[in-house]
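K.L.:
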Amino acid sequence: MADRLLEAFLGSAARLYGGEPVTELAHSLQCAELAREAGADEDLQLASLLHDVGRFAVDPREILDQKDQTRGAAAGARGHHEVGADLIAPWVPARVAWLVRMHAEAKRYLCATEPGYYDALTPGSRFTMTLQGGAMTTDDAARRAQHPWMADAVRLRRWDDLAKMPDKVTEPIEAWAPLLRHHFGRVRPI
Ligand SMILES: [Fe+2]
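Per this note's numbering, the sequence shown starts with residue 25, numbered consecutively.
(1) Which residue wins for smallest C-alpha separation from Trp-183, given the options Ala-169, Val-124, Leu-155, Gly-100?
(2) How many angstroms separate the CA atom of Ala-144 from the CA atom of Leu-49?
(3) Measure how close the beta-carbons of His-104 and Leu-180 come, nearest whole angstrom, since I'm counting them as under 8 Å.
(4) Taking 7 Å as the cut-off, is the CB of His-206 close to at least one heavy atom of ligand 3?
(5) Taking only the alpha-carbon atoms, compute the straight-line gap between Arg-168 and Phe-151 and give it to the nearest angstrom.
(6) Would the C-beta of Asp-76 count as close to ligand 1, meaning under 7 Å from any of its heavy atoms?
(7) Are Arg-132 and Met-174 close, meaning C-beta to C-beta below 8 Å?
(8) Looking at ligand 1, does it come within less than 7 Å of His-184, judged from the CB to the closest heavy atom?
(9) Rounded to the nearest angstrom, what separates Tyr-41 and Trp-122 at their Cα positions?
(10) Grab the span of the alpha helix (DSSP H) containing Glu-44 for me, first residue to last.
(11) Where Asp-176 and Ala-98 are concerned, what is the direct C-alpha to C-alpha distance, given to the nearest angstrom?
(12) In whole angstroms, what is the alpha-carbon distance linking Trp-115 and Phe-208?
(13) Assuming Val-215 contacts Leu-70 under a Cβ cut-off of 8 Å, what Cβ separation, rounded to an integer in Å, is found between them?
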């Protein structure tokens, strides 16, 4: 599984991240580095690195909220956050998979709770949010705020939003290989 993921990351260098000026790989690497620079613990860094794994490590027909709608989704397709979280869940701590699952919800949450957040989103991010259910209701946001990991989901979301810098230099994916191998280099658990 570690090799499969590393290969998928490398393959994601060939595609732009939706309508953004960065590749999918650069976006993941920037997001993980922003987490590390902010002093996030290792699991939160891992979740930041993997948050979009559902975009590039699975069959795109499984994904409902594709930025490129020309690829077409199969019946039963789900959001990339759900598919990605399910893919990694057997290998990582529950909090990591939960944070990956929540990164689209966190955008919906911030739209409901933070004035001006929606206006600051890029067009690509606004577009996928409509496919992900739009802004959360106030009641749902209040319920979400009670979750002990919600603050981490919001932090990840902010790094996700910032990780679109066209010329930012990051370490290569190989720098994260030891962490990926630590979790995914084992025979599949269960
Ligand atoms: Fe992202």
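Glycine is no exception: its CB is placed at the ideal position from the N, C-alpha and C atoms.
P.N.:
On the basis of the data shown:
(1) Answer by Cα proximity: Val-124.
(2) In this structure, the straight-line span from the alpha carbon of Ala-144 to that of Leu-49 is close to 23 Å.
(3) No, His-104 and Leu-180 are not in contact; Cβ-Cβ is about 15 Å, not under 8 Å.
(4) With respect to ligand 3, the structure shown offers nothing to examine, as its ligands consist of ligand 1.
(5) Approximately 23 Å between the Cα atoms of the pair.
(6) In this structure, Asp-76 has its CB closer than 7 Å to one or more heavy atoms of ligand 1.
(7) Their beta carbons are not under 8 Å apart, which means Arg-132 does not touch Met-174 by this criterion.
(8) Note that residue 184 corresponds to Asp in the displayed sequence, not to His. Under cutoff, so the answer is yes.
(9) Taking the straight line from one Cα to the other gives about 22 Å.
(10) Neither: Glu-44 is in no alpha helix (DSSP H) and is coded neither H nor E.
(11) Distance between the alpha carbons of Asp-176 and Ala-98 is about 32 Å.
(12) Trp-115 and Phe-208: Cα-Cα distance of roughly 6 Å.
(13) In the structure as shown, the chain starts at 25 and stops at 214, and residue 215 therefore has no counterpart that could be examined.
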